[in-house]
Every structure is written in C-alpha cells, then in structure tokens.
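Data block below; observations after.
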Amino acid sequence: MGVQRLAVACGALALCLALTTATNPGFVVRITQAGLDYANQQGIAILEKELAQLKLPDISGKSGKVRYELSRLRIPNFRLPYSRITPVSNVGLQVSISNASAELDGNCRVKFLLIRSSGSFNLKVENVYIKISLRLGSDTTGKPTISTSDCSASISKVRVGFSGKLRWLYNLFHKTIESRLRKNFQSQVCDTVAKSVQNKLQKQVLTLPVTVRVDNKIGIDYSLVAPPRATAQYLDLDLKGEFYSLANRSTVPFSPLPLAFPSDHDRMVYFGASSYFFNTAGIAYREAGALVFEITEAMIPKEAGFRLDTSVFSAFIPQLEEMYPNMPMKFRLSAPTAPFLTIGPGGISFQPIVDAQAYAILPNSSLVPLFLLSLTGNVSAVINERSGRIVGRLDMGRIRISLKNSAVGTFQVRMMQSIMNVLTSSTLLPRLNGENLLGEWGCWLTLHAGCSIQMVPAH
167 MGVQRLAVAC GALALCLALT TATNPGFVVR ITQAGLDYAN QQGIAILEKE
217 LAQLKLPDIS GKSGKVRYEL SRLRIPNFRL PYSRITPVSN VGLQVSISNA
267 SAELDGNCRV KFLLIRSSGS FNLKVENVYI KISLRLGSDT TGKPTISTSD
317 CSASISKVRV GFSGKLRWLY NLFHKTIESR LRKNFQSQVC DTVAKSVQNK
367 LQKQVLTLPV TVRVDNKIGI DYSLVAPPRA TAQYLDLDLK GEFYSLANRS
417 TVPFSPLPLA FPSDHDRMVY FGASSYFFNT AGIAYREAGA LVFEITEAMI
467 PKEAGFRLDT SVFSAFIPQL EEMYPNMPMK FRLSAPTAPF LTIGPGGISF
517 QPIVDAQAYA ILPNSSLVPL FLLSLTGNVS AVINERSGRI VGRLDMGRIR
567 ISLKNSAVGT FQVRMMQSIM NVLTSSTLLP RLNGENLLGE WGCWLTLHAG
617 CSIQMVPAH
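Per the numbering used here, the very first residue in the sequence shown carries number 167; after that it's consecutive.
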C-alpha cells in the first residue's frame, strides 16, 4: 500500500510540474480548411512529379506453361485530378486523393514451350485512391516535424496491352500480370510517399529558421512552443512570439499568459497576438536603444505656429532668456522603462513614461542641458492587416508633465503641457505612424486570400 501511495504521489507531482512548466504562446497562427486548400494547390503539383518518378522493380514469373519477364518499367505520367488536405484531431493532416490515373510501360519477354517472343507493353491504371495521414510535431529547437503515420492506396481498374507479333501469347497470362502490377503499384505508391515526406518534406521543414531579423537591432523568435494542434476545422500553431535585442538577448522577466483564441475559421489564416508579443518588443527596442527620438526645429510643421527656441519657453522660465537668449532648442525623448501594454476589445493600450531632455543649441552647435521632464499619457494602438502585412496606428491622449531636474532653476510645468502636447501630436506621433514599426514585423505567411489579425486578451 505504501508503494502504491508513493507511486500516486510521484505521478501527481510529475503532472503538476508538467502543467507549471508548460509554455504558453505569445503568437498563434491558425490555418483553416480554406488555407489548407490553398496549400494543397501548391503541394499536389510536387506530389505528381514525385509519383511520376516511381521506380518499380522488374517482374518475372510463371503462369501455367508461360514464363514471362517485365523490365524497364517506367511511368510516363501520373495525374491527380482531385485531392484535399484536411486537419485530423490528435494526428495532424490527412491527404485524400481520388480518381487518380497513371500510365506504365516497359519491355516484356515471354517463353511458351519452344516459342520465345519479346516486345513492349502499356499499362493503364485508373480510379486510384490514395489516403495519407501526416503526423505533425515539434523538436527540441521548436522546429516543426512531419512524418507519415499511415498510407493506403487502392486501384479499381488496371488494363494492360502488349505489342508484338505474338500478342495472343501475352493474352494467356495478362490477368496474372495485371494482378501483380496492381499489387506492386499500390505498394510503391505508399513507399514513395513515405520516402518523399522523410527525405524531402521533413528535411525542408528542418531548414526553416525559428528566428529572424526584424531590422539591424531586433530579432524575433517564432519557434513552436508545442506541437501543432489539429481540430476538424483548423490547424493551430503556437509560437513563442518573443522579440529580442540582437546585441544582447536577455531573459524576459515575465511569462506569457494563456490565450482565449476565438473559434473562428471562415478566413484562410488567423493571427493571434497576446500582450507578451508586444511587451517583449518594447523591452527589445529599449535594450537596443531604439526608443530614443529627437524633436528639432526642422521637424515642427509651420502650421504649429511657434519656433522651438528659448524665447518661446522663456514665458514659463524667465531665467532661460537671460542665460541663453534666442537660442534654438531640441528635445531628446527616451523611455526610462519599457512600456507595458494591455490588450482589450478596442485594441492595445498603455501608459508610457517618457523622459524629455531639453537642450539649448549653442552657436558652435554644442548642446547645453536645460531641464529634464517626465511625460506620461494614455496611448492606444489599433492593429490590422493590409496586403499581407501587420500594420498599426498610434493615438495619444493629453500628456501630463512633471519636472525631474533642471539646470536653469525651478519653474512651474503646468502651462508647458500645451506646448508638449502640440509637439507630440504634430511631430512625434506622425513620425511613429509614418515609420510604422508594426509593419516591419510583417506577416510570416503571405497568402492571396483572407488574413485576419486577432488581438487576444490573456486569461
């Protein structure tokens, strides 16, 4: 009894560890039946070429008093007029081919008593049905794996024709030949499919990268965190969805939460992103030094109605005009901490903290630090898809300002908020939306039909 209790306890502990160490995805790709139909169009042409290269062994035997030998068997063409790929729960994918046909020819030698003859033959195979089950998985590096778990092939009609002067002799054993060729053909079809999956498809899949450079500073890890999950309507790929700095990849200080991905399956492909996906992007860009922006006089549109110089700010900081009269200024904006985003029904929202360092530009072009402001505000982003690319637009509410330090004495910042709101709305936001950092991430699967982006709240 003690041993049984220990075994149960160990089993429960193992289950708990497995559950707590399971990795949730930061990004999910859902491929529906419509998406698989598109993939089928591309893949069936490849399969036709592979089947047309079937290598059938020579056949020899005896039928009554007739000895025969078939050699140099080849398949001039193999046609697959109807095929479909469907997801299968707990397995992966199933490829169904019906009404396929093929032609087979070769050389034939026959011996009947003292009669010897040689010639050629042609075999027509019709109503071929092939069913292939593909098991999907993942390896330790997060790359997908694929293997043939089952294959069956059946042929309902075989017709063989011989050429030569003694065709009547061949007809004595044509039924035996048709039976053997049908059996060999059915066996070779599945052998060819299994070898093609193992030697070509799987090897090609293993060459797929699981990380990619977004730009010269940032990369993204989209390795699988679990084997692909198939249902009767779609195939889900759970990806890590983690951005990282190319210069120094560090451990993310938080883990992705479970996603409540909708059960939609009308479009070809769906992309689901969690807050983890975007928050790792914020961390990576900050570590790479990319979250630094400068606002200069040249960037301010003329319709803003003011110049970026000390004379404008002297209305709030009188001593500024005395220390640096009529000198141009610039602001350098940076993020002291990575922005933390949340996803809701309307899109993405976050409250970034931005340090705005003001400088006076001296006649010799050197910079003199004036004051450092802390800016906070509500920012929202709407994410969508356009032409196979992930795109987004940022909107910002009114910002709040506090003074962190000053080299020109203390001053009230409340009245300065209007200027800072003009600078951010007229200069900073157009620049961010124009660069469209979201567009750099792209869609990793570009298709000719529907693609839907889902912002998925975590549970």
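Beta carbons: idealized from backbone N, C-alpha and C, even for Gly.
Return the residue from the list Pro393, Asp316, Ser283 and Ser299 that minimises the CA-CA distance to leucine 405.
-> Ranking Pro393, Asp316, Ser283 and Ser299 by Cα distance to leucine 405 puts Pro393 first.
Go to glycine 209, then tell me how far its alpha helix (DSSP H) extends in each direction, as first and last residue.
-> Here the alpha helix (DSSP H) through glycine 209 covers 199 to 217.
Touching or not, the region 451 to 471 and the region 422 to 437, by the rule of three or more beta carbon pairs under 8 Å?
-> Under the three-pair Cβ rule at 8 Å, the region 451 to 471 does not count as touching the region 422 to 437.
Leaving out five residues on either side along the sequence, give the residues of the same chain with a beta carbon under 6 Å from the beta carbon of glutamate 453.
-> Correct list, in chain order: Ser411.
Which of helix, strand or coil DSSP assigns to aspartate 430 | Aspartate 430 falls in the coil class under three-state DSSP.
Three-way DSSP call (helix, strand, coil) for methionine 582 in this model = Helix, per DSSP.
Express the C-alpha separation of aspartate 561 and leucine 202 in angstroms, rounding to a whole number.
-> Cα-Cα distance, rounded: 37 Å.
Exposure of arginine 238, with buried meaning 16 or more beta-carbon neighbours within 10 Å = So arginine 238 ends up on the exposed side.
Inter-stretch contact (C-beta, 8 Å, three-pair minimum) for the region 432 to 442 and the region 190 to 199 | Note that the region 432 to 442 touches the region 190 to 199; at least 3 beta-carbon pairs, one per stretch, sit closer than 8 Å.
Under a three-way DSSP split, which group does valine 478 fall into?
-> If DSSP states are grouped into helix, strand and coil, valine 478 belongs with the helices.
For leucine 270, the nearest candidate out of Gln364, Lys570 and Asn350 (CA to CA) | With respect to the C-alpha of leucine 270, the residue from Gln364, Lys570 and Asn350 having the closest C-alpha is Asn350.
Leucine 302: first and last residue of the uninterrupted beta strand (DSSP E) it sits in | Run containing leucine 302: 281 to 304, per the beta strand (DSSP E) assignment.
Starting from arginine 164 and walking both ways along the alpha helix (DSSP H), at which residues does that stretch end?
-> Not covered by the structure: residue 164. The range shown for the chain is 167 to 625.
In three-state terms, what does DSSP make of methionine 465?
-> It is helical.
So glutamine 399 and glutamine 199 are in contact, right, with Cβ under 8 Å, and what is the actual spacing, rounded?
-> Cβ atoms of glutamine 399 and glutamine 199 come within 8 Å of each other, at about 7 Å.
Which residue comes first and which comes last in the beta strand (DSSP E) that contains alanine 439?
-> Annotation for alanine 439: the continuous beta strand (DSSP E) segment containing it runs 435 to 439.
Alpha carbon to alpha carbon, how far is phenylalanine 287 from glutamine 352? Give it in angstroms, no decimals.
-> Cα to Cα, glutamine 352 sits roughly 19 Å from phenylalanine 287.
Alpha carbon to alpha carbon, what distance is there between leucine 539 and isoleucine 567?
-> Each residue's alpha carbon lies about 7 Å from the other.
Are the beta-carbon atoms of lysine 215 and serine 262 separated by less than 7 Å?
-> Between lysine 215 and serine 262, the C-beta gap is not smaller than 7 Å, which leaves the two residues out of contact.
With DSSP as the reference, label isoleucine 527 as helix, strand or coil.
-> In the displayed model, isoleucine 527 falls within a strand according to three-state DSSP.
DSSP state of methionine 495, grouped into three classes?
-> DSSP places methionine 495 in strand when its eight states are reduced to three.
Are there three or more Cβ pairs, one per stretch, closer than 8 Å when the region 253 to 267 is compared with the region 229 to 238?
-> Counting Cβ pairs under 8 Å, fewer than three are found: no touch.
Within 10 angstroms of its Cβ, does phenylalanine 244 collect 16 or more other Cβ (buried), or is it exposed?
-> With at least 16 other beta carbons inside 10 angstroms of its own, phenylalanine 244 counts as buried.
If you draw a straight line from the C-alpha of arginine 346 to the C-alpha of proline 422, how long is it?
-> Each residue's Cα considered, the two are about 58 Å apart.
Taking proline 310 as part of the beta strand (DSSP E), name the residues at either end of that continuous run.
-> For proline 310, the enclosing beta strand (DSSP E) begins and ends at 310 to 329.
Since I believe serine 480 is in contact with glutamate 469 (beta carbons under 8 Å), could you give me their beta-carbon distance rounded to a whole number of angstroms?
-> Not confirmed; about 23 Å, so no contact.
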